[in-house]
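Residue numbers (the UniProt record's numbering): 1 to 482.
Ideal Cβ placement from N, Cα and C applies to all residues, glycine included.
Working notes, beginning with the structure itself.
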C-alpha cells in the first residue's frame with residue numbers, strides 16, 4: 001500500500017489578494033456599492049487578477065453601464081488605465097464591442113480609450129461593431145478616427161465582416177467614411193462582393209454594386225461574383241448582378257468557371273434558365289455540357305411555355321445537334337432529349353395551326369436560319385435541308401394528313417427528332433438492321449399526332465439518307481411511333 005504524503009495546506013490569502021478578488025468579483029457582478037466601498041478603502045482601481053482583468057474590464061465585459069460610468073467619472077482621481085489588456089489581448093473597449101454593449105463602448109470611446117488596439121487575433125473594435133451591426137458603436141468609432149481598413153489575423157477587414165453578415169447599414173457607414181469597397185481578403189480569397197454573394201446577402205450585394213464594387217473581379221478560385229451566385233443557385237442575386245451589367249459569358253475565366261456551367265453543376269434549374277435568358281452561351285461541343293447537362297436541367301432550359309416560336313425551332317436544332325454526338329439513345333439523357341423534341345414539335349404544330357405567325361416573328365426565324373447556315377459545316381447539306389423543312393412545318397406550310405406506316409417505325413424506339421445518329425450495333429431487333437441495310441432508296445417514316453381535342457392530325461414526312469457501312473446509319477427527320 002502506497003502512502004502518499006499529505007498536500008501542504010494552502011497559504012492564507014494576503015490582504016491584497018482578498019481585496020483584489022473582492023473588487024474583481026464585485027465588478028463582474030455589477031455591485032456598485034461594494035466597488036465604491038473597496039475603492040474608498042484604498043483598493044487599487046487598476047489591480048489585475050491572474051487573467052490580467054481589471055475592475056473596469058470586468059464591468060465592461062459583464063455589461064454594467066452604471067458601474068462603468070462611475071469608474072470613468074473618477075478616471076483622473078483613480079488614475080484609471082482604459083487600455084489594460086487581459087491575457088487574450090482584449091482591452092475593455094474590445095470586450096464591450098465584442099459582446100455588443102453599445103452604451104459601454106460609446107462611454108469608453110468618449111472617455112478616450114484607444115480605438116485601434118487589436119486583440120491577440122488582431123481584431124479591433126471596429127471589426128466587432130461592423131460584424132454585429134452595432135451602429136451606435138460603429139459611428140462613435142468612425143468619429144474617433146478608427147482605422148476602417150485594418151485586417152484581422154487573416155486579413156479579413158470590416159467591410160468583409162459586414163458583408164458576411166449582411167449588415168447593410170454598417171456597410172453604408174464604412175464605405176461613406178472611406179473604407180475600400182474592393183478590398184481583398186487573403187483568408188477568404190474574395191472581395192466584399194464575393195462574400196455578400198456567397199451568403200446570399202441580397203441588399204448588401206446591391207449596395208456594393210451601387211457603391212462601385214467590381215462585378216467582374218475574380219476570387220482565388222477564378223470565379224466571378226455571378227459564377228459564385230450561380231454555383232449556389234441564388235436566383236435573386238443572379239438577377240441583380242445581370243441587371244447591373246455582369247457578364248454572363250466572361251472571357252477571362254476557364255470554361256468550367258463560366259456562370260452557366262456552375263449553375264448546371266449545382267443542378268439549379270431556375271438559375272440555368274435565367275442565365276440562358278440573359279444570353280449565356282451553350283457550347284454543345286464542350287465536354288462539360290455532356291457531363292452535367294442532366295435531363296432535369298434540359299427540361300428547365302428548353303421549357304416550351306417560355307419560348308417564342310423561332311426559339312422553339314432553334315432549341316430543337318440545338319437538341320438534335322447534341323443527339324447527333326450522343327449516339328446511344330437508350331441512356332437517360334437521350335431519352336429525355338427525345339421526349340423534349342417531341343414536345344417541341346407538337347407545340348410548334350399546335351401554335352401554327354391556331355394563327356398566322358406575325359411578320360416580325362417570321363423575320364426573326366429567317367434571320368435565325370441564315371445564321372445557322374453560316375455556322376453549319378458544308379459537309380452536311382442534307383441536315384440543313386431538313387432543318388429548313390422543319391421551318392416550313394413550323395409556319396404551317398406543310399400541314400397535311402398522312403397515313404400511318406409502322407413497318408420501320410415500330411422497330412425504333414418512340415422518337416421524334418430532326419437529325420441524329422442511331423447506333424445499330426446492339427439494336428438490330430426484328431430484322432431492322434437487315435431491312436435498313438438492304439434499302440437503297442429514301443425511307444419515309446410516318447406517325448400520327450393527336451393535337452387539339454383529337455380533331456386534327458399533323459405530321460412531317462421525314463427523309464433518310466442511307467449512309468451506313470455495316471454499323472451506323474444517319475436518320476434525318478425520324479418520326480417514331482406514338
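Counting of Cβ neighbours within 10 angstroms places residue 77 among the exposed residues, the total staying below 16. Annotation: the UniProt repeat "ANK" (221–253) contains no complete segment of the beta strand (DSSP E) (minimum length 3 residues).
Each residue's CA atom was taken as its position, placing residue 260 and residue 205 some 20 Å apart. For residue 194, the enclosing alpha helix (DSSP H) covers residues 192–198. With 16 or more other Cβ atoms from the protein chains shown falling within 10 Å of its own Cβ, residue 119 counts as buried. If you draw a 10 Å sphere on the C-beta of residue 251, you find fewer than 16 other C-beta atoms in it, and that means exposed. Nearest C-alpha to residue 84 among 70, 98 and 113: 113. Residue 232 sits close to residue 200, with the two beta carbons spaced by under 8 Å.
In the structure shown, residue 185 adopts extended strand secondary structure according to DSSP, grouped into three states. Collapsing the DSSP output to three states places residue 106 in a helix. Approximately 5 Å separates the beta-carbon atoms of residue 126 and residue 141; this is inside 8 Å, confirming the contact. Contact between residue 52 and residue 29 fails: their C-beta atoms lie close to 19 Å from each other, not under 8 Å.
Within the same chain, and ignoring the five residues on either side of residue 146 in sequence, the residues whose Cβ sits closer than 8 Å to its Cβ are 115, 116, 124, 125 and 126. Residue environment: residue 45 is assigned as buried (16 or more neighbouring CB atoms within 10 Å of its CB, all protein chains considered). Shortest Cα-Cα distance from residue 35 to any of 64, 13 and 9 involves 64. Buried is the label assigned to residue 242, since at least 16 other Cβ atoms lie within 10 Å of its Cβ. A check of alpha carbon separations from residue 190 across 178, 174 and 213 identifies 213 as the nearest. Secondary structure note for residue 65: its alpha helix (DSSP H) is the uninterrupted segment 65–73. Taken atom to atom, the span from the alpha-carbon of residue 90 to that of residue 192 is near 26 Å. When DSSP states are grouped into helix, strand and coil, residue 81 belongs to the coil group. A residue is called buried once 16 or more other Cβ atoms fall within 10 Å of its Cβ, and residue 50, having fewer, is exposed.
Distance from the CA atom of residue 48 to the CA atom of residue 20, rounded to whole angstroms, is 7 Å. Closest in C-alpha terms to residue 276, from the list 262, 248, 253 and 265, comes 248. The shortest C-alpha to C-alpha distance from residue 59 to any of 31, 42, 81 and 74 is the one to 31. Check the Cα spacing between residue 95 and each of 75, 70, 54 and 219: the tightest is with 54. The three-state reading of DSSP puts residue 18 in helix, counting H, G and I together. Taking C-alpha positions only, residue 122 is separated from residue 129 by approximately 14 Å. Straight-line spacing of the CA atoms in residue 163 and residue 208 works out to 9 Å.
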